[in-house]
Amino acid sequence: IGGAAQRRFPGTGNAGESGAVLHHVTMAYDIDAAKMARVLNISQEKLSDKAVRSAVKRVDPMKSQTGLTREQIIDDLLAWFTPAQFRGDAS
């Protein structure tokens, strides 16, 4: 079970500072979407504001999007979010 949330931080008013957005999300590597829908028993009312007809169509795990193994995805995410000086490729 996962979700997403966002927090917006306003700028301080100093020249050029526009604030920031912190967004976090749970990303599933693989999931049985049909089983998830049966277990959660999501109502049509809950889905009505999501512009989809079913929760199954709303779920798209990383495995199906990328075709990569779980380990490859973890390695890629760590490489993406690790600053260059800690990866050893800083000039």
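To convert a position in the sequence shown, counted from 1, into our numbering, add 1104. The beta carbon of each residue, even a glycine, is placed where N, CA and C say it ideally should be. Owing to the predicted nature of the structure, the values given are computational and were not obtained by experimental measurement.
Given a cut-off of 8 Å, decide if residue j and residue i are closer than it, judged by their beta-carbon atoms.
i       : j       : result
Pro1114 : Asp1134 : no
Between which two residues does the beta strand (DSSP E) harbouring residue i extend?
i       : result
Leu1126 : 1124 to 1129
Ala1132 : Element bounds for Ala1132: n/a, residue is neither H nor E.
What number of angstroms, rounded off, separates the C-alpha of residue i from the C-alpha of residue j?
i       : j       : result
Thr1173 : Gly1123 : 36 Å
Asp1136 : Val1163 : 9 Å
Gly1106 : Thr1116 : 33 Å
Val1125 : Arg1112 : 5 Å
Ala1188 : Val1143 : 43 Å
Ile1177 : Gly1171 : 10 Å
His1215 : Phe1185 : The displayed coordinates of the chain run from 1105 to 1195. Any statement about residue 1215 would go beyond what the structure contains.
Would you give the residue range spanned by the alpha helix (DSSP H) that residue i belongs to?
i       : result
Ala1109 : Careful: Ala1109 lies outside any alpha helix (DSSP H), inside the beta strand (DSSP E) at 1108 to 1113.
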